[in-house]
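Asker: Structure below; questions to follow.
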Amino acid sequence: MTKSYLIGTDEQQAYMDDYNIPSRGYGFFEPGVVATDAKEFSAFNVAKSFYQVYPEVFNLKYISSVTNLSEEEIKKRIDAMYHNQQIMLVFNPAVEIMGYGLYYWVVKMKENTPKEEKDALYREFQNNDQICTGYYMDGGGDFDFFNGNHMRNLDNLLGGVLDPFRFRDYIEYCHITPIRRLIRESHVNQFDCKKDYRKYFWSEEQKKNVLEFQNIMTKEDFAIIDAINNTKSVADMFDYDVLAKLSGLDAQEMKKDLAKLVDKDRSEIVMLYFNYRAIGLKMHFYCVSMFENTPTWRSEQIADELAEMPEFSNIWDFGDAHHNLMLSVYEDITDLSKIKEKLLSYGEIGEILEATSGRQLRRWTCRLDGENGLWEECVFTDDILLDRTRR
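For what it's worth, numbering that gives the first Met the number 0 labels the leading residue of the sequence shown as 0, then goes sequentially.
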């Protein structure tokens, strides 16, 4: 029998015990968090600094055992995918335990807005280093942008990022959507998933369709990405002896430290980002709003049920917002009618807004505008001790 989680009973808010980090708020700081320049990050920092020219920082022996490709072939393919801007080595931090709120926001422009105004705003967002993630819905739809910031407080988001543009005449609305739980990002289950932490998802239909859709990347390329992202432990992802030779640091110490951060503490995730735009894919977004009398536990349960579907590349769960969820799938290789039918099967869902993006601006601070020579440029901003409401 389903629990009711009634106030005043032993079940009160007990649903939060199902999650690694109970979703009680935004931007809380927890002891045990380490800075990105701490020694525990050494393995990632060395790999991030060298993988562009040394693909052997990855565990080629392991990848070979999974893909049946030779180590030399794997090196060549990783090198080619990087230089074709199809992959990027990245990490995601569980920002809420580092004192940040993860504040995404949805922008809708008025219907008569000229395209040049939309493009101008896209360039403004692209060049704003405070924005850590961004999507431009250049394929049309019910909204025009979906961007995100890590900020120490909400006033800094308003004063430093949103206020400079949200009162312009051609803006219909800007809805702030604080992240209650980051469930899946770039195919990988994140810190706030209920199960299958770090699992890298593609549906079988998508795997088949993406090979028919384009001839730029092969099944071998996708198999290499899958192998790297689906290691049982981050300890299997890299060749720590290679990292030691490149850095002069101790291989076993780097391996132990990174495994603690990623596998045990679950405060960081190291992953290969797949740049879908490089092969012409478009991302289709669903901004889902539930009726306001939907209990929080039920909203979270629906999010977990949708996370059982491997078709979703991204799943963001909102709190204190007009909307409850943002989900995305690849428009070109996914049965969109199946996705819509699943969403409409929930009586709690009152509205679904849809939009299509062919251009992701940034992914967690790393720039994706490769045509401007800024591929992988990363500025990790921090508003600590700053008051961006003051001019």
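C-beta atoms are modelled at their ideal positions from N, C-alpha and C, and glycine is treated no differently.
Everything numeric in this text was worked out from a predicted model, so none of it was measured.
Determine, using beta carbons only, whether Thr176 and His283 come nearer to each other than 7 Å.
Answerer: no
Asker: At the level of alpha carbons, what is the spacing between Asp316 and Glu347?
Answerer: 15 Å
Asker: Counting Cβ pairs, one atom from each stretch, are 3 or more of them under 8 Å apart for the segment 49–68 and the segment 288–297?
Answerer: no
Asker: Can you tell me where the beta strand (DSSP E) with Leu352 in it begins and where it stops?
Answerer: 348–356
Asker: DSSP three-state label for Ile268, please.
Answerer: Strand at Ile268.
Asker: With burial defined as no fewer than 16 other Cβ atoms inside 10 Å of the residue's Cβ, what is the status of Leu55: buried or exposed?
Answerer: What sits at residue 55 in the sequence shown is Glu, not Leu. When all chains shown are included, Glu55 counts as buried.
Asker: Provide the residue span of the alpha helix (DSSP H) that contains Ser63, from first to last.
Answerer: 59–66
Asker: Using CA coordinates, which residue listed in Tyr285, Asp334, Ile332 is at the minimum distance from Phe144?
Answerer: Tyr285
Asker: How many angstroms separate the CA atom of Ile20 from the CA atom of Phe190?
Answerer: 8 Å
Asker: Compute the Euclidean distance between the alpha carbons of Asp303 and Leu260, then round it to the nearest angstrom.
Answerer: 24 Å
Asker: Would you give the residue range spanned by the beta strand (DSSP E) that Ile314 belongs to?
Answerer: 313–317
Asker: Are the segment 231–249 and the segment 4–12 touching by the rule of at least three beta carbon pairs closer than 8 Å?
Answerer: no
Asker: Measuring CA to CA, which of Arg179, Tyr135, Val105 is closest to Ile96?
Answerer: Arg179
Asker: If you follow the beta strand (DSSP E) that Arg167 is part of, which residue opens it and which one closes it?
Answerer: Where Arg167 is concerned, there is no enclosing beta strand (DSSP E), given that its DSSP letter is neither H nor E.
Asker: Distance check for Arg366 and Asp240, CA to CA, integer angstroms please.
Answerer: 30 Å
Asker: Going by DSSP, what residues sit across from Cys365 in a beta bridge?
Answerer: For Cys365, the beta-bridge partners assigned by DSSP are Arg362, Cys377.
Asker: Got a sec? Which residues, its chain only, sit under 7 Å from Tyr391 by beta carbon, not counting five neighbours each side?
Answerer: Look at the range of the chain in this structure, 0 to 390, and you will see that residue 391 is not part of it.
Asker: Rounded to whole angstroms, how far is the Cβ of Arg197 from the Cβ of Ile268, which I believe are closer than 8 Å?
Answerer: 6 Å
Asker: Return the chain-ordered ranges of every alpha helix (DSSP H) run that is complete within the segment 99–173 and spans a minimum of 4 residues.
Answerer: 114–125, 153–156, 162–165
Asker: Exposed or buried, Val105, counting other C-beta atoms within 10 Å across all chains shown (16 or more means buried)?
Answerer: buried
Asker: Put Glu370 into one of helix, strand or coil per three-state DSSP.
Answerer: helix
Asker: Which class does Pro309 belong to by DSSP, given the choice of helix, strand or coil?
Answerer: coil
Asker: Hey, which unbroken runs of the alpha helix (DSSP H) at 4 residues or more fall wholly within the segment 203–231?
Answerer: 203–212, 218–228
Asker: Taking DSSP as the reference, what is the three-state secondary structure of Val33?
Answerer: coil
Asker: Bridge partners of Thr176, per DSSP?
Answerer: Beta-bridge partners of Thr176 (DSSP): Tyr103.
Asker: For Pro309, count neighbouring C-beta atoms within 10 Å of its own C-beta (all shown protein chains included) and say buried if the count is 16 or more, exposed if not.
Answerer: buried
Asker: Is the distance from the Cβ of Leu156 to the Cβ of Asn148 below 7 Å?
Answerer: Remark: C-beta atoms of Leu156 and Asn148 approach each other more closely than 7 Å.
Asker: Phe221 and Ile332 - do their beta-carbons sit closer together than 7 Å?
Answerer: At the C-beta level, Ile332 and Phe221 stay beyond 7 Å of one another.
Asker: Helix, strand or coil: which one does DSSP assign to Ile338?
Answerer: DSSP places Ile338 in helix when its eight states are reduced to three.
Asker: Assuming Gly26 and Gly98 make a contact with CB atoms under 8 Å, what is their CB distance in whole Å?
Answerer: Rounded, the Cβ-Cβ distance is 6 Å, consistent with contact.
Asker: In angstroms with no decimal places, state the Cα-to-Cα distance between Val209 and Ile278.
Answerer: Their Cα atoms are separated by approximately 9 Å.
Asker: Step through the CB atoms of chain D and report whether any lies within less than 7 Å of the CB of Asn67.
Answerer: Of the protein chains in the structure, only one exists, and it is not chain D.
Asker: Closest to His82 by C-alpha separation, out of Lys114, Asn274, Glu299, would be which residue?
Answerer: Asn274
Asker: Buried or exposed: which applies to Arg151, given that a residue is buried once 16 or more other Cβ atoms fall within 10 Å of its Cβ?
Answerer: buried
Asker: Any heavy atom of the ligand FMN closer than 6 Å to the CB of Glu307?
Answerer: The ligand FMN is absent from the structure shown, which contains no ligands of any kind.
Asker: Alpha carbons only, please: which of Asp381, Glu10, Arg387, Ser41 is nearest the one belonging to Gly257?
Answerer: In the sequence under discussion, the amino acid at residue 257 is Leu, which differs from the Gly named in the question. Here the closest residue by C-alpha is Ser41.
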